[in-house]
Amino acid sequence: MTDTRVLLEVENLHTQFDTSAGMVRAVDGISYTVNEGETVGIVGESGCGKSVGAMSILRLIPDPPGRIASGSVRFDGKDLLTMNDAEIREVRGGQISMVFQEPMTSLNPVLSIGLQLCETMEIHLKLGPEEAKARAIELLDLVGISEPARRLQQYPHHLSGGMRQRVMIALALSCKPKLIIADEPTTALDVTIQAQILELMKDLSNRLRVALIIITHNLGVVARYADRVYVMYAGRIVESGSASDIYHRPVHPYTLGLLRSVPRLDRPRGERLIPIDGHPPDLTREIHGCAYRPRCSFAVERCAHEAPRIEEVAPGHASACFEKARLERLLKEAS
Amino acid sequence: MSAIAGATARPDTSPAIQTEQPLLEVRNLKMHFTVAEGLLSRRKASKIKAVDDVSFTIARGETLGLVGESGCGKTTTGRCILHLEKPTSGEIIFEGQNLTNLDRKALNEKRERMQVIFQDPYSSLNPRMKVGDIIGEPMKVHGIHPDRNKRDQRVAELLSVCGLNPKFMDRYPHEMSGGQRQRVGIARALSLNPDFIVCDEAVSALDVSIQAQVINLLENLREQFNLSYLFIAHDLSVVRHLCHRVAVMYLGRMVELADSDELFSNPLHPYTQALLEAVPIPDPEIERRRAHRIMKGEVPSPINPPSGCVFHPRCPLAVDSCRQEVPQLRELKPGHWVACPRV
Chain A
7 MTDTRVLLEV ENLHTQFDTS AGMVRAVDGI SYTVNEGETV GIVGESGCGK
57 SVGAMSILRL IPDPPGRIAS GSVRFDGKDL LTMNDAEIRE VRGGQISMVF
107 QEPMTSLNPV LSIGLQLCET MEIHLKLGPE EAKARAIELL DLVGISEPAR
157 RLQQYPHHLS GGMRQRVMIA LALSCKPKLI IADEPTTALD VTIQAQILEL
207 MKDLSNRLRV ALIIITHNLG VVARYADRVY VMYAGRIVES GSASDIYHRP
257 VHPYTLGLLR SVPRLDRPRG ERLIPIDGHP PDLTREIHGC AYRPRCSFAV
307 ERCAHEAPRI EEVAPGHASA CFEKARLERL LKEAS
Chain B
18 MSAIAGATAR PDTSPAIQTE QPLLEVRNLK MHFTVAEGLL SRRKASKIKA
68 VDDVSFTIAR GETLGLVGES GCGKTTTGRC ILHLEKPTSG EIIFEGQNLT
118 NLDRKALNEK RERMQVIFQD PYSSLNPRMK VGDIIGEPMK VHGIHPDRNK
168 RDQRVAELLS VCGLNPKFMD RYPHEMSGGQ RQRVGIARAL SLNPDFIVCD
218 EAVSALDVSI QAQVINLLEN LREQFNLSYL FIAHDLSVVR HLCHRVAVMY
268 LGRMVELADS DELFSNPLHP YTQALLEAVP IPDPEIERRR AHRIMKGEVP
318 SPINPPSGCV FHPRCPLAVD SCRQEVPQLR ELKPGHWVAC PRV
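The listed protein sequences derive, respectively, from chains A and B.
If you count the first sequence from 1, position 206 lands on 212 in the numbering used here, and the numbers rise without skipping.
If you count the second sequence from 1, position 235 lands on 252 in the numbering used here, and the numbers rise without skipping.
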């Protein structure tokens, strides 16, 4: 990445949900940036707030019960959180588009592929019907769908899961966005199809210089595709850095725990996994101190009553842990 | 645990060189389903060959991995072994006895020895039953410990073997997390002291940190009780970690079978190779060095599968003869079987 102009800047974002069990702080003060044309991975387990954080960018949180309580989201110089409804609609699907996990449910089953593609372009790019159709064919061809002209008349149920996800990508690209947010884009797909889709997204993002946020629980996918990585736990970012920082020099006990608990294709049978004890916290209860403390082997007295702030340990590499220096030293000694 | 009789831990010997009789043998298993085409008219019925001529063995204490993409027949194979599905043809020989021609009573006795753990810890537990009753029900059905107190004692024992507090007995599934529920599913599978467990995507729905806990639990239980697993999964990294031997399926057929380390370091079938290359490794340095050759196309419809070798339309090695001849498994190295004439 030679160009480091910041495209998206999320600052101290808080998103909360009112539930019958109490208020859930799904996203509890996250800050991150995405540069033009780069691929950023956001990893974490179920319920860590990775999807809610991304949906909040486009204000796609159902309100009520959800609410963006505070923070700012600056995209290309404009604050998305203070825009009026008409303005944010311009951004959604226009400059920022999304690819969701479920290719079965994110396309409208009763509208043809062509209609869904053309509608977006007629609205956002103000194209006429003929122009839109021509560009729709071009896009389907771009994402590797055979006989694109014929597909325009087809409906989502005519297509396989992988094909539908390709259509979703065509849809996401249709209005020449600057940023695509892909939320678990391949989780529902078989492994060879997963590789096809991710390779396609990465290739298109390089060629068209679209920035990409990949939200996933799959550490392998992030390692293969992301330039920079944010690790989330219980609504917060606990570590951020370049992909090699995160995988080779982790400075948060949770990141280390994740890496040690994931089975790898390149490791022989029987090598013991070191799981993280316990389970993620219940976010309806107020968390005192560090949310990871009950599962953490590095925890000290201070972690119980004070939440660590994320601080840099090296340029571009930050961790939210009081014991990061000790962790770093121990890992260095071990290697 | 005293209740599991005759369970002695034994060293982790390679099953490939075990000469004793296998615990389970599957011979030429075929499961063909008939589907009517069209919604209203019952025009022609076509056949789906969900499992087509699959054979393998599983030794005592061994974990055999069964991998492949959706629709390859791996789950159906597991269901046929458990006789949840009556196979079209083929033999399932368990402890030397052919299950396919046993009467109902004899089959039920054998069934005690074979259990299953399902993928979804949400839908596989009855939401209206307490955990204690869920785990105790198989014992009730099979008439083991008809006395409630005895049964509860055993349930408590099973819960603690699976890493749960015995107090969970009185809870309902919705009060538990996904990982805890999966442990309940495992405790239920263990309740009848089985020898063999089909793990059908048993850890696929779990988050990484919880998944590792359950993987370790399964491995410990296997060693402790000398269990055999048929481990059905699509996640090849998990399979590499847990399985002694691995069978790869594609569109109802077995394309490769080998010792785990051999299969993952030296895959021979072009499909296995493509499958392994598609799996990302959580290490950016390794990923940068790896060739990312991406296999084109998708798995064809099983209603109208390709002629000859079902993999030929996607195969980089395919020649004309692959379109006509169905390849047979050949043993290229001791214990390494491949169904491809071109390797």
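Heads up, the beta-carbon is just placed ideally off N, CA and C, and yes, glycines get one too.
Neighbourhood of residue i by C-beta distance below 6 Å, restricted to the same chain and skipping five residues each side
i	result
Phe135 (chain B)	Ser141 and Asp217
Ile187 (chain A)	Ala60, Met104 and Ile219
Ala24 (chain B)	Unreliable positioning characterises Ala24 (chain B) in this predicted model, as indicated by a pLDDT of 36, which lies under 50. The coordinate reading is nonetheless provided below. If we look at Ala24 (chain B) and ignore the five residues flanking it on each side, its Cβ neighbours are Phe242 and Asn243.
Gln22 (chain A)	Met29, Arg31, Arg73 and Ala75
Ser211 (chain A)	Leu218
Ala22 (chain B)	Its pLDDT being 37, under 50, Ala22 (chain B) is placed unreliably in this model, and the coordinates cannot settle the point.
Glu42 (chain B)	Thr74 and Ile110
Val272 (chain B)	Val265, His286, Tyr288 and Ala356
Gln132 (chain B)	Ala206, Pro211 and Ile214
Asn233 (chain B)	none
Close Cβ partners of residue i (< 7 Å) along its chain, the five nearest in sequence each way excluded
i	result
Arg310 (chain B)	Glu294
Thr30 (chain B)	Legend: pLDDT at Thr30 (chain B) = 41, less than 50; position of this residue unreliable, no value from coordinates given.
Arg27 (chain B)	Here the model assigns Arg27 (chain B) a pLDDT of 37, short of 50, so the residue's position is not dependable, and the following value carries that caveat. The answer, listed in chain order, is Gly78 and Asn243.
Ala250 (chain B)	Gly82, Val84, Glu218, Ser221 and Val256
Leu196 (chain A)	First, the amino acid is wrong: residue 196 (chain A) is Asp here, not Leu. Nothing listed; no residue qualifies.
His311 (chain A)	His294 and Gly295
Ala123 (chain B)	none
Pro32 (chain B)	Low confidence applies to Pro32 (chain B): its pLDDT is 41, below 50, so where it sits in the model is not reliable, and the reading given next is rough at best. Result list for Pro32 (chain B): Ala76, Glu79, His261 and Arg262, in chain order.
Ala138 (chain A)	Cys124, Met127 and Glu128
Val33 (chain A)	Leu19, His20, Thr21, Gly55, Val58, Gly59, Ser62 and Gly241
Gln38 (chain B)	Gly113
Asp91 (chain A)	none
Partners in chain A for residue i, counting only beta-carbon separations shorter than 8 Å
i	result
Gly225 (chain B)	Per the sequence shown, residue 225 (chain B) should be read as Val rather than Gly. The answer, in chain order, is Glu51, His223, Leu225, Leu264, Ser267 and Val268.
Gly113 (chain B)	Per Cβ cutoff of 8 Å: no residues; Gly113 (chain B) is ~28 Å from chain A at best.
Asn321 (chain B)	Chain A residues near Asn321 (chain B): none, gap ~14 Å exceeds 8 Å.
Asn233 (chain B)	Arg278, Leu279 and Pro281
Gln132 (chain B)	Those within 8 Å of Gln132 (chain B) in chain A number zero; the least Cβ separation is about 23 Å.
8 Å CB neighbourhood of residue i in its chain, flanking five on each side removed
i	result
Glu334 (chain A)	Arg255, Val257 and Val319
Lys86 (chain A)	Note on identity: in this sequence residue 86 (chain A) is Leu, with Lys being the wrong assignment. Excluding sequence neighbours, Leu86 (chain A) sits near Ile63, Leu64, Arg65, Val79, Arg80, Ile94 and Val97.
Asp187 (chain B)	Lys147, Val148 and Gly149
Ile243 (chain A)	Ile36, Ser37, Tyr38, Tyr236, Val237, Ile316 and Ala326
Thr290 (chain A)	Thr25, Ala27, Gly28, Met29 and Val30
Neighbouring residues, chain B, relative to residue i (Cβ below 9 Å)
i	result
Gly168 (chain A)	Glu315
Glu205 (chain A)	His309 and Ile311
Cross-chain neighbours of residue i in chain B, by beta carbon under 7 Å
i	result
Ile199 (chain A)	Glu315
Tyr253 (chain A)	Pro299, Asp300 and Pro301
Gln160 (chain A)	Within chain B, no residue comes near Gln160 (chain A); the closest Cβ sits about 16 Å away, beyond 7 Å.
Amino acids of chain B, ordered along the chain, whose beta-carbon sits closer than 8 Å to that of residue i
i	result
Ser250 (chain A)	Pro301 and Glu302
Asp147 (chain A)	Chain B residues near Asp147 (chain A): none, gap ~15 Å exceeds 8 Å.
Asp196 (chain A)	Glu86, Ser87, His251 and Val316
Beta-carbon neighbours of residue i, restricted to chain A and to distances below 9 Å
i	result
Gly196 (chain B)	His285
Per-residue contacts from residue i into chain A (C-beta, under 7 Å)
i	result
Ser277 (chain B)	Arg275
Gln230 (chain B)	Pro281
* To do: Please go through the region 64-134 of chain A and give each complete alpha helix (DSSP H) segment of 4 or more residues, from N-terminal end onward.
  => 91-97 and 119-130
* Given a limit of 9 Å on CB to CB distance, which residues of the region 135-147 of chain B reach chain A? -> none
* Hey, is the region 149-169 of chain B in contact with the region 208-226 of chain B, meaning 3+ C-beta pairs nearer than 8 Å? -> yes
* To do: Taking a Cβ distance cut-off of 9 Å, strictly less, list which residues of the region 272-285 of chain A are near chain B, in chain order.
  => Asp272, Arg273, Pro274, Arg275, Gly276, Glu277, Arg278, Leu279, Ile280, Pro281, Ile282, Asp283, Gly284 and His285
* Asked: Which residues, taken in chain order from the region 237-260 of chain B, show a beta carbon closer than 9 Å to some beta carbon of chain A?
  -> His251, Asp252, Leu253, Ser254, Val255, Val256, Arg257, His258, Leu259 and Cys260
* Counting Cβ pairs closer than 8 Å, one from the region 214-226 of chain A and one from the region 331-346 of chain B, do we hit at least three? -> no
* Taking a cut of 8 Å between CB atoms, which residues from the region 279-297 of chain B lie near chain A? -> Phe281, Ala291, Leu292, Leu293, Glu294, Ala295, Val296 and Pro297
* **the region 181-192 of chain A: positions lying closer than 8 Å to chain B by Cβ** => none
* To do: Could you please tell me which residues of the region 205-218 of chain B, in chain order, have their CB closer than 7 Å to any CB of chain A?
  => Using a CB distance below 7 Å, no part of the region 205-218 of chain B faces chain A.
* To do: Count the CB pairs spanning the region 78-95 of chain B and the region 203-210 of chain A that are closer than 8 Å, and state whether there are at least three.
  => no
* Touching or not, the region 289-305 of chain B and the region 256-274 of chain A, by the rule of three or more beta carbon pairs under 8 Å? -> yes
* Answer yes if the region 272-282 of chain B comes into contact with the region 116-129 of chain A, meaning at least three C-beta pairs across the two stretches below 8 Å, and no otherwise. => Touching, no, given that fewer than three Cβ pairs across the two stretches are closer than 8 Å.
* Would you list, in chain order, the members of the region 228-243 of chain A that have their beta-carbon closer than 7 Å to a beta-carbon of chain B? => Residues Ala229 and Arg230.
* Between the region 306-326 of chain B and the region 335-343 of chain B, do at least 3 Cβ pairs fall closer than 8 Å? -> yes
* **Entirely enclosed beta strand (DSSP E) segments - the region 140-202 of chain A, minimum 3 residues** => 185-189
* Are there three or more Cβ pairs, one per stretch, closer than 8 Å when the region 286-306 of chain A is compared with the region 226-237 of chain A? -> Contact between the region 286-306 of chain A and the region 226-237 of chain A is absent, because fewer than three Cβ pairs lie under 8 Å.
* Determine contact between the region 11-19 of chain A and the region 31-42 of chain A, defined as no fewer than three beta-carbon pairs at a distance below 8 Å. => yes
* Counting pairs of beta carbons, one from the region 123-132 of chain A and one from the region 164-182 of chain A, are three or more of them closer than 8 Å? -> yes
* Output, in sequence order along the chain, the residues in the region 166-200 of chain B whose CB is closer than 9 Å to any CB in chain A. => Ser194, Gly195, Gly196 and Gln197
* Asked: Which parts of the region 258-299 of chain A are runs of the alpha helix (DSSP H), unbroken and 4 residues or longer, counting only runs that do not cross its ends?
  -> Segments of the alpha helix (DSSP H) lying fully in the region 258-299 of chain A: 259-267.
* Asked: Hey, which unbroken runs of the beta strand (DSSP E) at 3 residues or more fall wholly within the region 107-140 of chain B?
  -> Counting whole runs of 3 or more residues, the region 107-140 of chain B contains the beta strand (DSSP E) stretches 131-134.
* **Ordered list of beta strand (DSSP E) runs contained in the region 70-94 of chain B, each at least 3 residues** => 80-84
* Asked: Mind pulling the alpha helix (DSSP H) runs of 4 or more residues that sit fully within the region 221-259 of chain B?
  -> Fully enclosed alpha helix (DSSP H) runs of 4 or longer: 225-242 and 253-259.
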